[in-house]
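Remarks on the structure that follows.
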Amino acid sequence: MKVADHAERSRIFNKDVDRVDWHDETLWFVRGKRDKTIHQIPEWEELRNTASQIKAHTLSNLHYYLQEFEKNATANGVTVHWAKDGAAHNQIVLEILKKNKINQMVKSKSMLTEECHLNHFLEENEVEVIDSDLGERILQLAKDTPSHIVLPCIHMKKEEIGELFHEHLGTPAGNADPQFLTAAARESLRNTFLNFKAALTGVNFAIAETGEIVVATNEGNADMGVHLADVHIASMGIEKLIPQRKHLGVFLRILTRSATGQPITTYSSHFKKPGAGKEMHIILVDNGRTRQLGRADFRNSLKCIRCGACMNTCPVYRRSGGHSYHNVIAGPIGSILAPNLDMKEHADLPFASTLCGSCSNVCPVKIDIHDQLYKWRQVIVKEGYVDPAKKVAMEVMAKALASPTLYRLAGKAARTTLKYAPFVVNNKFNAWYLHREMPEVPKSSFGEWYQKNRKNND
Amino acid sequence: MTSRDEILAAVKQNQPELIDLPALDLFFETENPSDIASFSKVLEAIGGKAYEVNDYSEIIAQIKYDFLLEGKRVVSDLPEFSAIAKPYTGTDNHELADVELMILPAHFAVAENGACWISSELFADPIMPFIPQHLILIVKKENVVATMNQAYALIATKDYAYAAFIAGPSKTADIEQSLVLGAHGPKSMKVFFV
Chain A
14 MKVADHAERS RIFNKDVDRV DWHDETLWFV RGKRDKTIHQ IPEWEELRNT
64 ASQIKAHTLS NLHYYLQEFE KNATANGVTV HWAKDGAAHN QIVLEILKKN
114 KINQMVKSKS MLTEECHLNH FLEENEVEVI DSDLGERILQ LAKDTPSHIV
164 LPCIHMKKEE IGELFHEHLG TPAGNADPQF LTAAARESLR NTFLNFKAAL
214 TGVNFAIAET GEIVVATNEG NADMGVHLAD VHIASMGIEK LIPQRKHLGV
264 FLRILTRSAT GQPITTYSSH FKKPGAGKEM HIILVDNGRT RQLGRADFRN
314 SLKCIRCGAC MNTCPVYRRS GGHSYHNVIA GPIGSILAPN LDMKEHADLP
364 FASTLCGSCS NVCPVKIDIH DQLYKWRQVI VKEGYVDPAK KVAMEVMAKA
414 LASPTLYRLA GKAARTTLKY APFVVNNKFN AWYLHREMPE VPKSSFGEWY
464 QKNRKNND
Chain B
831 MTSRDEILAA VKQNQPELID LPALDLFFET ENPSDIASFS KVLEAIGGKA
881 YEVNDYSEII AQIKYDFLLE GKRVVSDLPE FSAIAKPYTG TDNHELADVE
931 LMILPAHFAV AENGACWISS ELFADPIMPF IPQHLILIVK KENVVATMNQ
981 AYALIATKDY AYAAFIAGPS KTADIEQSLV LGAHGPKSMK VFFV
């Protein structure tokens, strides 16, 4: 079955004009907050450079750092697991729970477990999972998926959430006040925290030198889950490592400023050893990351610290919504990560960009996102994954651009066609036109205009 | 071959040639403010509040002014608050679910982001800063650093089971970006410099 591509999905999102405008303006406002806060840090660019270099170094020495991390975490009393892919990761989680005779787990935000489809797997195996991040809890109740890595339910309106809470949490019908709805979720989830014996968290940073992991939240949900449970499972991609604790001094200065414009998240929690009588597990997941590490052009995408700044600034993301990207991670960064996971299914994503470069400009670890989007396009065309109609058009254009005579002729033909018979171009059989508005037709080409006017001015 | 060996072999094969690790020295050259007033301004902007006081009696007076504690549970292991709070001596941390106000010490504060550093050896259980309805942290006046680089210079080699930076009350803006204080943890967070 063919998955609807980004353009098709964007068209659906764009049917609700008011919602698109709200989405666009809200994310641009978050981008504005980011700008305001970073301008207060004189050494901001040095922080970005250093963060990027620390990540480059770590990736170039990852074989050593993974083993150092494993050794130190084990010495701290933590059990370290390795998972080649999502299925292996999910199986490890299930086995830990089974061994402890636990069938309920509370989970804080983890894009990795979304990538592995953990919730679905555990539910099939009769484990109840409750997401504790408010945005993710809302999505879980709505049977929906995150459309943004930091603001997971940014595509929803408060009235829809009010309706959802009325149905599931028994709040009064018609109440859509964010303060009131948050209080209702707080009460319901507090009960979960106090009763569930296992907690799973994501990982923002893992320190090779100390074997500890760091989790950043604003809500405090990771800590409420972990400290009240008997078993803590932390799932992380192997690219989350950094060499030493002191390097957090760089990353924690840039992460939240880039994400939401806050100076830091409310909680930056450092989990090093399990509490007395408790268990702590860390699962190191590959799931395609070693393959991406081997692609010299795309390796830098593994530097990502998941701040979401590239999404907030992207003119395409803001106006097409996260679900248009049909990938767990949407936006510019998702579009360079997704083809590594499944090039055929995500062949459209590197084309869902204007290549304006704003993503690369805001990226706190200086990933060359727009260059990688451009490079993926070439890989995807070469591998034959591009839409056949687009491929033919590209080949014709390449020929025309290579020959001056053909180019002049084609230009003249196009101007005549667009003027007298626009329907030849503007029809549903032209894959290229579908995504564009044609400009008004000029009377002559620049070449013709120049020939004529230069003589007049001589 | 185990998954571990397979992953490590793939990493070894695919990682690029060694790139140098950058030094962090330049982040100690910039002059950034490290005064209580700068800290307080940032903390207020993120929903918290800071006070500079002369002694513990001033803190207790301020607490009595800010909170109605009649019939409410106040917990602190600090002997200075024995008049209004009881220490936590239980063994099951779920018993702390009904705490209205928790008063805890913190190691130091960070001026650039309104955060305070706490670690597990400061109090009986790591849930203590998260579970109360309201949180107060006590910091010595001289213990303010400018930036996170300076903060990590202090704690680079410290051992702990659990530690955290806490900056303000628990919060969320997941519903239409409307800021709400008190997501799962404390609805308010105050820092007293004494």
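In the order they appear, the protein sequences are chains A and B. 14 is the number of the first residue of the first sequence in my numbering; add one for each residue after it. 831 is the number of the first residue of the second sequence in my numbering; add one for each residue after it. Note that the Cβ used here is the ideal one computed from N, Cα and C, for glycine as well.
Notebook entry, point to check: Taking Cβ-Cβ distances below 7 Å as the criterion, which residues of the segment 93–115 of chain A are in contact with chain B?
Noted result: Against chain B - using a Cβ distance shorter than 7 Å - the residues of the segment 93–115 of chain A are Trp95, Ala96, Lys97 and Ala101.
Check: Quick one: Cα of Ile968(B) to Cα of Phe938(B), how far?
Finding: Rounded to whole angstroms, Ile968(B) to Phe938(B) spans 9 Å at the Cα level.
Notebook entry, point to check: Among Ile226(A), Leu182(A) and His36(A), which residue has its Cα nearest to the Cα of Met249(A)?
Noted result: Ile226(A)
Next item on the list: Identify the contact partners of Met831(B) in chain A, using a Cβ-Cβ distance below 7 Å as the criterion.
Entry: Going along chain A, no residue has its Cβ under 7 Å from Met831(B), so there is no contact; the nearest lies around 10 Å.
Margin query: Within 10 Å of its beta-carbon, does Glu232(A) have 16 or more other beta-carbons around it, so buried, or fewer, so exposed?
Written below: buried
Next item on the list: Consider the Cβ of Pro488(A): report whether some Cβ of chain B lies at a distance smaller than 8 Å.
Entry: Chain A is shown only over 14 to 471; residue 488(A) falls outside these bounds and no answer can be derived.
Notebook entry, point to check: If we cut at 8 Å on Cβ distances, does Gln1007(B) have a partner in chain A?
Noted result: Among the CB atoms of chain A, one or more fall inside 8 Å of the CB of Gln1007(B).
Notebook entry, point to check: Is Ala941(B) near Phe869(B), with beta carbons less than 8 Å apart?
Noted result: yes
Notebook entry, point to check: Excluding sequence positions up to five away, which residues of its chain have a Cβ less than 7 Å from the Cβ of Met14(A)?
Noted result: In this prediction, Met14(A) scores a pLDDT of 46, lower than 50, which makes its location untrustworthy; the coordinate-derived value is nonetheless stated afterwards. None.
Margin query: With three or more beta-carbon pairs closer than 8 Å as the criterion, would you say the segment 402–411 of chain A touches the segment 92–99 of chain A?
Written below: no
Notebook entry, point to check: Quick one: Cα of Pro935(B) to Cα of Ser950(B), how far?
Noted result: The C-alpha of Ser950(B) is placed about 11 Å away from the C-alpha of Pro935(B).
Checklist line | Cβ-Cβ distance between Ile948(B) and Pro191(A) below 8 Å | finding: no
Check: Taking C-beta to C-beta, are Pro363(A) and Ser348(A) nearer than 8 Å?
Finding: yes
Item checked: Collapsed DSSP secondary structure at Val263(A) in the structure displayed -> helix
Check: Can you name, in chain order, every residue of its own chain whose Cβ lies under 7 Å from the Cβ of Val142(A), other than the five neighbours on each side?
Finding: Met118, Lys120, Asn132, Leu135 and Glu136
Checklist line | Same chain, Cβ closer than 7 Å to Ala915(B), five either side skipped, listed in chain order | finding: Cβ-Cβ distances below 7 Å link Ala915(B) to Val904, Val905, Ser906 and Ile933 in the same chain, with the five nearest sequence neighbours on each side left out; the list follows chain order.
Note to self: Can you pull out the residues from the segment 832–858 of chain B whose beta carbon lies closer than 8 Å to at least one beta carbon of chain A?
What the structure shows: For the segment 832–858 of chain B, the beta-carbon criterion of a distance under 8 Å to any beta-carbon of chain A is satisfied by Thr832, Ser833, Arg834, Glu836, Ile837, Leu838, Ala840, Val841, Lys842, Gln843, Asn844, Gln845, Pro846, Glu847, Leu848, Ile849, Asp850, Leu851, Pro852, Leu854, Leu856 and Phe857.
Notebook entry, point to check: Cβ of Gly45(A) within 7 Å of any heavy atom in the ligand PLP?
Noted result: The ligand content of the structure shown is nil, which means the ligand PLP is not present either.
Notebook entry, point to check: Excluding the five sequence neighbours on either side, which residues of its own chain have a C-beta within less than 6 Å of the C-beta of Ala189(A), listed in chain order?
Noted result: Only Lys171, Glu172 and Gly175 meet the Cβ criterion.
Check: Counting only beta-carbon atoms, is Tyr992(B) nearer than 8 Å to chain A?
Finding: yes
Check: Any C-beta of chain B sitting closer than 8 Å to the C-beta of Leu265(A)?
Finding: Interface residue, yes.
Next item on the list: Answer with buried or exposed for His52(A), where buried requires no fewer than 16 other C-beta atoms within 10 angstroms of its C-beta.
Entry: exposed
Margin query: Does Asn884(B) pass the burial test, meaning 16 or more other C-beta atoms within 10 Å, or should it be called exposed?
Written below: exposed
Check: Are at least three pairs of beta-carbons, each pair with one atom in the segment 266–274 of chain A and one in the segment 141–157 of chain A, less than 8 Å apart?
Finding: no
Next item on the list: Kindly say whether Tyr982(B), judged by its beta-carbon, lies nearer than 8 Å to any beta-carbon of chain A.
Entry: yes
Item checked: Three-state class that DSSP yields for Met14(A) in the structure shown -> The pLDDT assigned to Met14(A) is 46, lower than 50, so where the model puts this residue is not dependable; a value taken from the coordinates is nonetheless given after this. Looking at Met14(A) - three-state DSSP - the assignment turns out to be coil, as it is neither helix nor strand.
Next item on the list: Within its chain, find whatever has a CB closer than 6 Å to the CB of Ser65(A); leave out the 5 residues flanking it on each side and keep chain order.
Entry: Residues Val378 and Lys379 of the same chain have their beta carbon placed closer than 6 Å to that of Ser65(A), with the five preceding and five following residues left out of the count.
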